[in-house]
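Q:
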Amino acid sequence: MAGGNAIRGSRVGAGPMGEDERGETAPRRQVRYYCGRGHVSAPYFALDAEVPESWDCTRCGLPASQEQENPPPMPRVEPYKSHLAYVKERRSDEDGAAILEEALAALRQRRRL
Ligand SMILES: [Zn+2]
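According to full-length UniProt numbering, the sequence shown is numbered sequentially starting from 1.
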């Protein structure tokens with residue numbers, strides 16, 4: 001079932017928590033999460049389930065928190081990626097150099113034999 005349906009729940013006699021659906025075996029509660037872009041995600045959790053502090057926004061995938069006034073910071077994708085790319089690049093360069101060195105050494109040895 002899709003979350004974030006705010007239209008539901010206005011039925012007369014609907015309880016505050018999970019009473020609006022008959023035949024419900026496990027009681028559930030709806031938890032709202034707010035992402036940095038102002039989206040609201042409202043997944044359902046079983047009452048005895050542990051509710052995570054953050055949730056990935058169902059609309060944009062950003063991390064969302066239960067505090068509307070204090071959503072998690074938007075991850076700065078650009079610098080993180082370029083830094084990671086830089087580290088990866090350097091590492092693979094070093095690895096590549098080591099592998100090349102090994103290959104050359106093996107080649108030289110084979111020639112000597
Ligand atoms: Zn969002």
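Note that CB positions come from ideal geometry on N, CA and C, so glycine has one too.
For clarity, every value in this text was computed on a predicted model and none was experimentally measured.
Which whole runs of the beta strand (DSSP E) in the stretch 35-107 are 3 residues long or more, in chain order?
A: Taking only runs of at least 3 residues, the beta strand (DSSP E) segments lying wholly in the stretch 35-107 are 44-46, 54-56 and 63-65.
Q: Which residue comes first and which comes last in the beta strand (DSSP E) that contains arginine 28?
A: The count along the sequence shown starts at 1 and reaches residue 28 at position 28. Looking at the DSSP string, the run of the beta strand (DSSP E) that includes arginine 28 is 28-30.
Q: Around the Cβ of serine 92, are there at least 16 other Cβ atoms within 10 angstroms (buried) or fewer (exposed)?
A: Taking the first residue of the sequence shown as position 1, residue 92 is located at position 92. Under this definition serine 92 is an exposed residue.
Q: How big is the Cα-Cα spacing for glutamine 68 and methionine 74?
A: The residue you call residue 68 lines up with position 68 of the sequence shown. The residue you call residue 74 lines up with position 74 of the sequence shown. In a straight line, the C-alpha of glutamine 68 is about 14 Å away from that of methionine 74.
Q: Taking the alpha-carbon positions, what's the leucine 47 to arginine 28 distance?
A: Within the sequence shown, numbered from 1, the residue matching residue 47 stands at position 47. Within the sequence shown, numbered from 1, the residue matching residue 28 stands at position 28. C-alpha separation (whole angstroms): 5 Å.
Q: Excluding sequence positions up to five away, which residues of its chain have a Cβ less than 6 Å from the Cβ of alanine 64?
A: Position 64 of the sequence shown, counted from the first residue, corresponds to residue 64. The residues are Tyr33, Tyr34, Cys35, Ser41, Trp55 and Cys57.
Q: Just jot down, in chain order, the residues whose CB lies closer than 6 Å to any heavy atom of ligand 1.
A: Counting every residue whose Cβ lies closer than 6 Å to a heavy atom of ligand 1, we get Cys35, Arg37, His39, Cys57, Arg59, Cys60 and Leu62.
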